[in-house]
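**Student:**
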Amino acid sequence: MNREPLDLLHCGDERRIAAYLVETDEGLALFDCGPTSCLGALHDALGGRGVELRDVKHLLLSHIHLDHAGAAGALVREHPSLVVHVSEVGAPHVVDPSRLEASARRLYGDSFDELWGELVAVPEENVRVVGERVAGLACFPTPGHAWHQVSYQHEDGTLYNGDAAGVRIRPGRFVFAPTPPPEIDLDAWERTLDEIERRSPRRLALVHFGVFDDVEHHLDLLRATMRSWADRVGHGMDEATFVAAARADVVASDPDEADAYDRAAPYWHCYLGLERYWRKRLEALQADAP
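My numbering numbers the first residue of the sequence shown as 1068 and each following residue consecutively.
1. So who's on the other strand from L1226, going by DSSP bridges?
2. Given that a residue counts as buried once 16 or more other Cβ atoms are within 10 Å of its Cβ, and exposed if not, what is D1074?
3. Compute the Euclidean distance between the alpha carbons of D1080 and A1354, then round it to the nearest angstrom.
4. Comparing C-alpha positions only, which one of V1153, P1072, E1071 and T1225 sits nearest to I1263?
5. List the whole-angstrom C-beta distance separating G1163 from A1188, where the pair is believed to meet the contact cut-off of C-beta under 8 Å.
6. Is the separation between the beta-carbon of G1211 and that of A1255 shorter than 7 Å?
7. Pairs of beta-carbons, one from the region 1206-1221 and one from the region 1100-1116, closer than 8 Å: are there three or more?
8. Kindly indicate which three-state DSSP category F1179 falls into: helix, strand or coil?
9. Which residues does DSSP list as the beta-bridge partners of Y1087?
10. Where do the N-terminal and C-terminal ends of the alpha helix (DSSP H) with F1309 fall, by residue?
11. With C-beta atoms as the reference, is Y1344 less than 7 Å away from V1310?
12. Check the C-beta distance from H1125 over to A1096 and give it rounded, since I have them as a contact under 8 Å.
13. Can you tell me whether V1143 is helix, strand or coil according to DSSP?
14. Below 6 Å, is the gap between the Cβ of E1324 and the nearest heavy atom of the ligand HEM?
15. Taking only the alpha-carbon atoms, compute the straight-line gap between D1099 and G1157 and give it to the nearest angstrom.
16. How about H1110 and L1127: are their beta carbons less than 7 Å apart?
17. How about L1341 and V1300: are their beta carbons less than 7 Å apart?
18. Going by beta-carbon coordinates alone, are H1275 and V1234 separated by less than 7 Å?
19. So who's on the other strand from V1156, going by DSSP bridges?
20. Please work out which residues of its chain come closer than 8 Å, Cβ to Cβ, to E1199, disregarding the five sequence neighbours upstream and downstream, and give them in chain order.
21. If contacts are defined as beta-carbon pairs under 8 Å, then N1228 and S1129 qualify, I think. What distance do you get, rounded to the angstrom?
22. Taking only three categories from DSSP, how would you classify D1074?
23. Can you tell me whether A1354 is helix, strand or coil according to DSSP?
24. In chain order, what residues of the same chain have a beta carbon less than 6 Å from the beta carbon of H1336, not counting five sequence neighbours either side?
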């Protein structure tokens, strides 16, 4: 099986967003699909594998963030028999993406359309809520980045995960947790990493970006960076200082890749999610105080 990522060339950049073509017991599947702004690149990448969209039977979504699932409705519009698999929490938002779009437009402002393109509703009859197995792949919850995120493990040992195993831009060595607002839960993410280790995948297929087989080392690096970056924000580091420090961390490991990492999962996104995480924890403590 060709496990190489399909590079969706988001905003013309290589190694920013990937999708994966997966052979399953029930025919070809696409794991995540990127945003509608990348549809042309997705078609080209499929064609490079000798595949057309109509050959794909299933779309396996990790979660509904636009860089992972934004094109789902547009794909079903082109290919009406495509079956879209998504978590129970995510399903209503692919059927009616209006709240998702409104939230994203608040975050991205005037750059929304260029970044993500059109959001198209997926007909309800095309949507399947995931269970413990999907098209022959094991499927399990992997919250932390988003509560509704799931991952899929192929019988060959490949774990197809949205952002649960972090960001690592091939051929880079640095690994960090993408922590945009609003759903970051670091405790849940730690439990997710424990569960991934328990399932002993042979390799990790990352949407941002590439396939890595040093699984144990990769997850150790992810844990270390997640704790370090969370501590910085938890101890009051401001956004500008955090962004500079995060960039310096990447440069120390991969001197030529700091911009590539920033394009795939912007450092300022990570700050905003961590700042909100700590602020909400403090508000909850204050509310519970006598």
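Just so it is clear, CB atoms sit at the ideal spot from N, CA and C, and this is done for glycine as well. Predicted, not measured: the structure shown is a model, and the values here were computed from it.
**Tutor:** Let's see:
1. Residue pairing of L1226 in beta bridges, as defined by DSSP: Q1220 and L1271.
2. Its Cβ being crowded by 16 or more others within 10 Å, D1074 is buried.
3. 45 Å
4. T1225
5. The sequence shown places Asp at residue 1163, not Gly. About 6 Å; that satisfies the 8 Å criterion.
6. The criterion of a C-beta distance shorter than 7 Å is satisfied by G1211 and A1255.
7. no
8. helix
9. F1098
10. E1306 to S1320
11. No, Cβ-Cβ distance for Y1344 and V1310 is not below 7 Å.
12. 4 Å
13. helix
14. The ligand HEM is absent from the structure shown, which contains no ligand whatsoever.
15. Between the C-alpha atoms of D1099 and G1157 there is a straight-line separation of about 13 Å.
16. No, the Cβ-Cβ distance between H1110 and L1127 is not below 7 Å.
17. yes
18. yes
19. Note: V1156 sits in no beta bridge, so no partner.
20. A1205, C1206 and F1207
21. Yes, N1228 and S1129 are in contact; Cβ-Cβ is about 6 Å, under 8 Å.
22. strand
23. Helix.
24. Taken in chain order, the residues that qualify are P1247.
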